[in-house]
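Following UniProt numbering, the numbering of the sequence shown begins with 1 at its first residue and continues without gaps.
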Amino acid sequence: MVQKDYEANLETTIAYMRQDQRRDAVMSLKTALLQVPLEDKVADNTAYLKILAMSA
Numbered sequence: 001m002v003q004k005d006y007e008a009n010l011e012t013t014i015a016y017m018r019q020d021q022r023r024d025a026v027m028s029l030k031t032a033l034l035q036v037p038l039e040d041k042v043a044d045n046t047a048y049l050k051i052l053a054m055s056a
């Protein structure tokens, strides 16, 4: 399975959060949210749901 850009940015966000790098985490999360294509914005996409939850 090929990893999508927004999934990679979500993983980067989590890594930044673990290292207490809040500013970088926020920027990476915003990038991830912008990268999710319309067809991937569905209820069974766990990466998209995590991005939404972390953005709230």
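Note that CB positions come from ideal geometry on N, CA and C, so glycine has one too.
message: Using the Cβ count rule (16 or more neighbours within 10 Å means buried), how would you classify Val36?
response: Label assigned to Val36: buried.
- request: Report back the beta-carbon spacing between Met29 and Thr46 to the nearest angstrom; my notes put them in contact at under 8 Å.
  value: A small correction: the amino acid at residue 29 is Leu; Met does not occupy that position in the sequence shown. Not really, about 15 Å apart at Cβ, beyond 8 Å.
field: Backbone CA spacing between residue 91 and Glu11 [nearest angstrom]
entry: The first residue shown for the chain is 1 and the last is 56, placing residue 91 beyond what the model contains.
field: Selected residue, minimal CA-CA separation from Lys50, among Met1, Gln3 and Glu7
entry: Glu7
task: List the whole-angstrom C-beta distance separating Leu33 from Ser55, where the pair is believed to meet the contact cut-off of C-beta under 8 Å.
output: 6 Å
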